[in-house]
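See below for the structure under consideration.
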Amino acid sequence: MKESLAALDYIRLDFSAESSATINVALALIMFGVALDIKPEHFKNLIQNPRQLIAGVLSQAILLPAATFGLVMALGDNITVGVALGMILVAACPGGNISNFITSFAKGNVALAVSLTAISTILAVIMTPFNFTFWGNMYAQANSLVRPIELDWRELLKSVMMILGLPMALGMLCSVYLPRLAERLIKPLRQASLVFFIVLVVVAFTKNFDIFINHITYVFLLVLIHNGIALGMGYLTATVFGLSETNRRTLSIETGIHNSGLGLALLFNPAVFPPDLPLGGMAIVAGWWSIWHIVSGTALAFYWQRKSTLVGVKD
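Read in order, the letters of the sequence shown correspond to residues 1 to 315 in UniProt numbering.
Okay, structure coming up:
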């Protein structure tokens with residue numbers, strides 16, 4: 001596997017600065033649309049049910065990055081440095097907004113899903129830079145072939161703030177102070193921005209089709225395993241915390257659906273990741289995650305939807 005992946009790290013993807021800027025705008029619009037649906041009572045409900053909040057934050061922001069580090073260490077020489085760091089970067093990103101729709105389809109707790117998406121996104125302003133630099137440097141220290149990660153932490157923080165933090169704040173303010181406008185904007189803005197982003201990812205893969213075809217077998221397998229661990233991690237964490245079946249499904253989806261688009265946006269920001277770094281493996285992993293987690297999440301939701309009864313009592 002490693003021989004096939006080795007060349008991937010050093011491949012220069014056909015991805016222009018204009019494409020990178022467009023992805024940033026699409027992500028910002030998506031997060032603004034998500035925030036339009038967030039109400040103060042969502043945070044109140046989480047405070048009143050701290051087990052849900054603790055389990056969600058623990059699963060997404062702490063356990064998954066740690067488990068990802070364990071996975072790349074276990075894979076050892078079977079993967080390349082770029083692929084390993086791409087997996088760590090995706091795990092460091094917050095939950096994705098599509099998780100709210102998938103949770104609804106799975107008959108999970110939509111209010112909890114929206115709340116956790118908001119919380120994880122707010123925390124991501126700090127936790128995404130922290131988790132990537134912490135676990136990335138841990139990986140570098142454990143692998144003599146990896147040079148220590150020397151990123152400008154302030155640039156990484158600034159990028160996350162501009163892509164996630166600011167749109168989220170503006171959307172929440174609009175929801176509170178301009179509720180009628182927010183109601184009118186929620187559905188069309190969310191649908192349009194999501195379709196826009198998916199089209200961008202597909203176009204990016206099309207422009208790099210030969211590279212994608214040559215390496216998809218191995219990247220597919222790695223992302224399949226990684227995403228499966230994330231989905232299982234959320235469900236298991238909720239089970240340990242004694243949450244209901246409805247909330248277990250919600251945490252599973254919230255942990256398994258990650259904002260890997262943020263990872264792509266950061267990767268193609270030269271102020272964060274210098275262009276001379278071998279980013280090919282990282283970009284392909286993050287890009288395929290952007291597609292696969294929708295497929296896996298929807299398939300899991302379809303399975304849960306078909307179950308005739310829900311187990312447990314709602315929290």
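All C-beta atoms, glycine included, are put in the ideal place defined by N, C-alpha and C.
- The beta carbon of ARG248 sits closer than 7 Å to the beta carbons of TYR235, ALA238 and THR239 from its chain, once the five residues preceding and following it are set aside; these are given in chain order.
- By the C-beta density criterion, PRO167 is buried, having at least 16 other C-beta atoms within 10 angstroms.
- Here ILE163 is buried. Its C-beta has 16 or more other C-beta atoms within 10 Å.
- The alpha carbon of GLY228 has as its nearest neighbour, out of ALA74, LEU29 and TRP292, the alpha carbon of TRP292.
- Taking C-beta separations shorter than 7 Å and ignoring five residues to either side along the sequence, the partners of LEU64 in its chain run ALA91, ALA230, MET233 and THR255, following chain order.
- Going by DSSP, PRO50 is part of the alpha helix (DSSP H) stretching over 50-57.
- In the DSSP assignment, HIS258 forms a beta bridge with GLY95.
- Contact between the segment 68-84 and the segment 107-116 is not established, with fewer than three Cβ pairs separated by less than 8 Å.
- By the beta-carbon neighbour count (other beta carbons within 10 angstroms, threshold 16), LEU178 is exposed.
- By the CB criterion at 8 Å, LEU123 and ALA35 fall outside the cutoff.
- For MET282, the uninterrupted alpha helix (DSSP H) run begins and ends at 280-306, by DSSP.
- Judged by beta-carbon spacing, VAL272 lies within the 8 Å limit of LEU266, meaning their Cβ atoms are closer than that value.
- Following the DSSP letters along the chain, one finds LEU170 inside the alpha helix (DSSP H) bounded by residues 166-177.
- Secondary structure of ALA84 (DSSP, three-state): helix.
- Contact between SER296 and GLY261 does not hold, since their C-beta atoms are separated by about 16 Å, which reaches or exceeds 8 Å.
- Take the alpha-carbon of THR117 and the one of GLY95: they are about 6 Å apart.
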